[in-house]
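Protein chains: 2
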Amino acid sequence: MMQASVTAEQEAPSVRQQAVLDAVLGLMVEDGEQVTMDAVARRASCSKETLYKWFGDRDGLLTATVRWQASRVHAGHDTAQVLDGATLRERLQDFAVTWLEVITGPTSVALNRIAIAHAGSRKSNLGGIVLANGRFAIGERVKPVLEAGRAAGLLAFADSEAAFRTFFGLVGRDIQIRLLLGETLDLDGAGIRRDAGRAVEQFLVLYGQAKPDPKHQR
Amino acid sequence: MMQASVTAEQEAPSVRQQAVLDAVLGLMVEDGEQVTMDAVARRASCSKETLYKWFGDRDGLLTATVRWQASRVHAGHDTAQVLDGATLRERLQDFAVTWLEVITGPTSVALNRIAIAHAGSRKSNLGGIVLANGRFAIGERVKPVLEAGRAAGLLAFADSEAAFRTFFGLVGRDIQIRLLLGETLDLDGAGIRRDAGRAVEQFLVLYGQAKPDPKHQR
DNA sequence: CGAATGGCGTACCGTACCGTACGGTACGCG
DNA sequence: CGCGTACCGTACGGTACGGTACGCCATTCG
């Protein structure tokens with residue numbers, strides 16, 4: 606009867622619907638305030654009626670867009686069981702680089718802006734979705750690594766959540782808030798790797814059980 | 606001739622105008638999306654015509670509100686010349702506590718939401734004002750303390766900006782982004798002091814020249 | 001081949017909100 | 001007293017946008 610309405614939860618968007626959601630993302634990146642239903646319909650070459658049939662209302666469209674983008678970020682390698690110092694450092698470095706690449710990307714900035722603007726009023730918490738798939742998702746992936754590091758005697762901490770939050774702060778610092786507030790930081794891949802490396806070394810200084818390796822600069 | 610129009614820069618708002626701006630802040634805290642010119646006029650018991658005479662347009666009103674709030678945050682004690690370890694720790698602790706109190710306050714959250722939402726489009730960078738009076742203002746106040754600490758042989762770093770950004774990250778961690786995205790973290794004064802103390806100790810571990818004092822817990 | 005379905009384009013409605021205009025009032029001043 | 005000024009309250013125009021309705025075409029299937 607009815608085509609997959611994405612608002613009904615659990616429904617994965619069809620290919621055509623994904624194209625619509627990508628159009629929304631494109632508009633968000635260009636200018637968050639011009640994400641209007643007319644503009645989306647024009648950009649996606651579809652009719653507004655179809656948008657409403659598929660997504661219910663504007664909030665449904667935005668929610669589906671956030672979910673759609675979130676579903677693309679989840680690519681990440683799985684847990685390795687045994688950890689030596691070099692592997693631990695490498696895993697943390699990977700997480701830091703990935704995280705910095707995500708939050709400095711224009712899509713993430715635009716999406717977070719929308720979600721934050723929306724968080725001011727009650728209806729439909731985009732903020733919760735962004736948090737669940739951003740900050741908390743990365744936390745749930747990092748904490749097992751930290752705990753494996755502790756089990757291997759490489760790290761010392763009582764609360765893995767607290768340790769992760771410190772790691773999070775060392776990696777992100779003021780970058781995200783500055784980007785969200787409109788500053789144009791240009792971080793290339795090399796800069797991101799340097800930042801990530803510094804954060805990892807600092808984290809190991811704070812939480813490392815064995816002394817960090819002699820590569821420790823500064 | 607004309608009453609002080611706050612849009613003309615350098616003009617400080619009159620008492621009546623301050624009352625209007627406080628009304629705007631109140632509306633922002635209640636619900637960022639209901640800051641409409643009608644609502645402001647009603648809340649402030651003034652006419653819309655007066656709002657436009659004083660502030661030019663809606664952006665001017667928002668800008669004046671951001672400036673007005675920023676002007677209230679600047680209360681901070683001045684530099685002490687000689688620094689021993691206890692004084693340095695105390696000054697950093699003060700900064701950390703103040704900063705956490707600011708960013709967890711409902712006014713700051715609401716204001717940052719407005720500025721971030723606005724940063725998506727070009728016109729009138731509220732984001733720049735918030736950054737200048739928030740992140741950068743605190744940085745300009747902390748960095749002299751760090752440099753005094755280095756001059757006293759208590760700290761070791763090459764770049765005071767980089768050192769401050771690490772301090773910033775250790776203090777703020779994920780708190781601001783979680784609040785902006787709508788999570789309700791309840792941090793009381795004791796929790797803030799605990800967080801600030803942990804951040805200061807971690808910073809001193811990373812950048813302290815002399816070993817931190819035996820009070821160092823965890 | 002004809003009917004049905006899905007979807008595009010567009011016209012349209014209601015509403016919310018920005019910005020302006022206008023009438024009315026209080027107050028200071030010559 | 002009379003005038004100007006500043007301001008409040010409110011009504012109004014213009015516009016942008018969310019949401020709906022309708023005509024039309026293409027594809028598919030009986």
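Going down the list, the protein sequences come from chains Y and Z.
With our numbering, letter number 59 in the first sequence gets 664, and the count goes up by one each step, no holes.
With our numbering, letter number 2 in the second sequence gets 607, and the count goes up by one each step, no holes.
All C-beta atoms, glycine included, are put in the ideal place defined by N, C-alpha and C.
Here Y:L688 carries a coil assignment [DSSP, helix/strand/coil]. Rounded to the nearest angstrom, the gap between the Cα atoms of Y:L688 and Z:A691 is 39 Å. Residues of the same chain with a CB within less than 6 Å of the CB of Y:G744, apart from the 5 flanking positions on each side, are F769 in chain order. Interface flag for Y:D689 against chain Z is unset, since no Cβ pair is found closer than 8 Å. The Cβ atoms of Y:A701 and Y:A804 sit closer than 8 Å to each other. Residues R755, Y812, G813 and Q814 of the same chain have their beta carbon placed closer than 8 Å to that of Y:A761, with the five preceding and five following residues left out of the count. Note on geometry: alpha-carbon atoms of Y:E695 and Y:R798 lie some 12 Å from one another. CA-CA distance, Z:G802 to Z:F772, rounds to 12 Å.
Only those residues of the region 778 to 791 of chain Y whose C-beta falls short of 8 Å from the nearest C-beta of chain Z are listed: R778, D779, Q781, I782, R783, L785, L786, G787 and E788. Distance from the CA of Y:K658 to the CA of Z:I782, rounded to the nearest whole angstrom, comes to 33 Å.
For Y:G754, no Cβ of chain Z is located within less than 8 Å of the residue's own Cβ. DSSP places Y:G813 in the strand class (E or B) of the three-state scheme. In the DSSP assignment, Z:F741 falls within the alpha helix (DSSP H) that extends over R740 to A756. Going by C-alpha positions, Z:T703 is about 12 Å away from Z:R740. Excluding its 5 nearest sequence neighbours in each direction, Y:E752 has C-beta neighbours in its own chain below 7 Å: S765, listed in chain order. With distances taken between CA atoms, Y:K748 lies nearest to Y:L693 out of Y:R677, Y:L693, Y:A646 and Y:V671. In this structure, Y:R718 places its C-beta atom within 8 Å of the C-beta atom of Z:A724. Contact check for Z:I721 and Z:T668: beta-carbon distance about 15 Å, past the 8 Å limit, so the pair fails to qualify. Not one beta carbon of chain Y lies nearer than 8 Å to the beta carbon of Z:N738. With a threshold of 8 Å between beta carbons, Y:F700 makes no contact with chain Z. Annotation: the continuous alpha helix (DSSP H) that includes Y:T655 extends over K653 to F660. When the five nearest sequence neighbours on each side are left out, the beta carbons in the same chain lying within less than 7 Å of the beta carbon of Y:Q623 are those of W673, in order along the chain. The contact set of Y:I721 on chain Z, defined by CB atoms closer than 9 Å, consists of N717, R718, I721, A722, I782, L785, L786 and G787 in chain order.
As DSSP reads the structure, Y:L760 sits in a beta bridge with Y:G813.
Contacts between Z:V810 and chain Y, judged by CB atoms closer than 8 Å, involve V810 and L811 in chain order.
Y:V707 is the residue among Y:V707, Y:E654, Y:L666 and Y:A763 whose C-alpha sits nearest the C-alpha of Y:V678. In the three-state reduction of the DSSP assignment, Z:A617 falls in the coil class, being assigned neither a helical nor a strand state. The alpha-carbon separation between Y:G665 and Y:L705 amounts to approximately 29 Å.
At least 8 Å separates the CB of Y:G796 from every CB of chain Z. At a cut-off of 8 Å between beta-carbon atoms, Z:V735 makes contact with chain Y. For Y:S726, the chain Z residues whose C-beta falls within less than 9 Å of its own C-beta are D636, G637, E638 and Q639, listed in chain order. Non-local beta-carbon contacts of Z:R648 in its own chain, meaning distances under 7 Å to residues more than five positions away in sequence, involve A628, G631 and L632 in chain order. By a beta-carbon distance limit of 8 Å, Y:N730 does not contact Z:G710. Their separation comes to about 21 Å. At a C-beta separation below 8 Å, Z:T771 has these neighbours in chain Y: L775, R778 and Q807. Only residues of its own chain outside the window of five on either side were considered, and among them K653 have a CB closer than 8 Å to the CB of Y:D643, listed in chain order.
The alpha carbon of Z:V671 has as its nearest neighbour, out of Z:L792, Z:T712 and Z:A763, the alpha carbon of Z:T712.
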